[in-house]
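Encoded as structure tokens, the structure appears first; notes follow it.
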Amino acid sequence: MVSWKGLYFILFLFAGSFFGSIFMLGPIIPLMFINLSWYRWISSRLVATWLTLPVNLDAVHDITVAYPYNIPQTEKHLLRGDFPREIHFHVHRYPIDTLPTSKEDLQLWCHKRWEEKEERLRSFYQGEKTFHFTGQSTVPPCKSELRVLVVKLLSILYWTLFCSAMCLLVYWYSPIWWYFIISIVFFVLQERIFGGLEFIELACYRFSHKHSHLNSKKNK
1 MVSWKGLYFI
11 LFLFAGSFFG
21 SIFMLGPIIP
31 LMFINLSWYR
41 WISSRLVATW
51 LTLPVNLDAV
61 HDITVAYPYN
71 IPQTEKHLLR
81 GDFPREIHFH
91 VHRYPIDTLP
101 TSKEDLQLWC
111 HKRWEEKEER
121 LRSFYQGEKT
131 FHFTGQSTVP
141 PCKSELRVLV
151 VKLLSILYWT
161 LFCSAMCLLV
171 YWYSPIWWYF
181 IISIVFFVLQ
191 ERIFGGLEFI
201 ELACYRFSHK
211 HSHLNSKKNK
């Protein structure tokens with residue numbers, strides 16, 4: 001069963017890792033373009049989210065992304081067709097039973113992971129621009145060039161048809177206008193009122209978990 005809070009935690013961890021890589025968050029690194037208070041806020045938010053996760057999460061995956069060649073940074077690059085020639089991923093899996101449980105230990109754990117990520121990226125860009133130095137395979141054995149090519153072609157076909165169909169629906173079908181208007185209003189209001197969709201999901205989970213826990217007590 002999919003855990004929405006688990007997905008939210010993974011997304012937040014990825015975002016934190018991404019910004020850690022871009023802004024060089026490690027305090028021992030001189031190229032630090034972000035205030036330390038922001039770093040502490042990100043770590044605290046990450047730890048607070050982790051402490052509210054359900055028990056059905058098996059592991060946390062630390063993902064490091066590196067671009068050996070060009071790095072598109074704005075939409076202008078994408079519009080000009082300046083896509084990354086290569087994207088390298090390094091994935092490390094941390095089983096749930098290896099993670100600390102206290103807030104202070106979790107903050108220290110997150111800090112160490114970011115330090116490792118910075119060192120990994122430094123070795124990547126100063127070396128051969130691969131993750132071979134980690135001693136792990138960079139290409140999953142289940143992948144193949146033919147499979148990757150087929151997935152690329154199917155993705156291009158799908159998104160071309162999907163975007164074209166959406167433009168036609170917006171132009172010809174008035175209910176689609178209302179759908180987009182309602183969606184925009186909903187997401188703006190829920191962000192203003194509740195602070196984000198993830199908090200609504202978290203409240204729903206807590207309510208359902210508390211309700212099921214009370215029912216189990218009554219049955220006993």
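Everything in the sequence shown is counted per full-length UniProt numbering, starting at 1 for the first residue and increasing by one.
Just so it is clear, CB atoms sit at the ideal spot from N, CA and C, and this is done for glycine as well.
Query raised in the report: Since V151 sits in a beta bridge, which residues does DSSP pair it with?
Result: Within the sequence shown, residue 151 is the residue found at index 151, counting from 1. Paired residues: none, contrary to the question.
**Report entry** Segment limits, beta strand (DSSP E) that includes H88
**Finding:** To locate residue 88, count along the sequence shown from 1; it is residue 88. Its beta strand (DSSP E) spans residues H88 to P95.
Requested in this report: Could you check the C-alpha separation between I156 and M166 for me, to the nearest Å?
Outcome: Within the sequence shown, residue 156 is the residue found at index 156, counting from 1. Within the sequence shown, residue 166 is the residue found at index 166, counting from 1. Roughly 15 Å separates the two Cα atoms.
Requested in this report: Give the secondary structure of D62 by DSSP, where H, G and I count as helix, E and B as strand, and everything else as coil.
Outcome: The count along the sequence shown starts at 1 and reaches residue 62 at position 62. It is a strand residue.
**Report entry** Bounding residues of the alpha helix (DSSP H) (the contiguous stretch that carries E128)
**Finding:** The residue you call residue 128 lines up with position 128 of the sequence shown. From DSSP, E128 is part of no alpha helix (DSSP H); its letter is neither H nor E.
Requested in this report: Would you tell me roughly how many angstroms separate the C-alpha atoms of P68 and P84, rounded to the nearest one?
Outcome: What you label residue 68 is simply residue 68 of the sequence shown in a count that begins at 1. What you label residue 84 is simply residue 84 of the sequence shown in a count that begins at 1. C-alpha of P68 to C-alpha of P84: approximately 9 Å in a straight line.
Query raised in the report: Per the contact definition of three or more C-beta pairs closer than 8 Å, is the region 59–66 in contact with the region 100–112?
Result: The region 100–112 is not in contact with the region 59–66.
Requested in this report: Compare the beta carbon distance of A66 and H88 with 9 Å and say whether it is the shorter of the two.
Outcome: Counted from its first residue, the sequence shown places residue 66 at position 66. Counted from its first residue, the sequence shown places residue 88 at position 88. Yes, these two residues count as a Cβ contact at 9 Å.
Report task. Rounded to whole angstroms, what's the CA-CA distance from L146 to L153? Just pull it up for me. Result -> Counting from 1 along the sequence shown, the entry for residue 146 is found at position 146. Counting from 1 along the sequence shown, the entry for residue 153 is found at position 153. Taking the straight line from one Cα to the other gives about 11 Å.
Query raised in the report: On the three-state DSSP scale, how would you describe I207?
Result: Taking the first residue of the sequence shown as 1, we reach residue 207 at position 207. First, the residue type needs correcting, since residue 207 is Phe and not Ile in the sequence shown. Three-state result, F207: helix.
Report task. Tell me whether E201 sits in a helix, a strand or coil according to DSSP, three-state version. Result -> Numbered from 1 along the sequence shown, position 201 holds the residue referred to as residue 201. Helix, per DSSP.
**Report entry** C-alpha gap between I181 and E191, whole angstroms
**Finding:** What you label residue 181 is simply residue 181 of the sequence shown in a count that begins at 1. What you label residue 191 is simply residue 191 of the sequence shown in a count that begins at 1. If you take the alpha carbons of I181 and E191, they lie about 16 Å apart.
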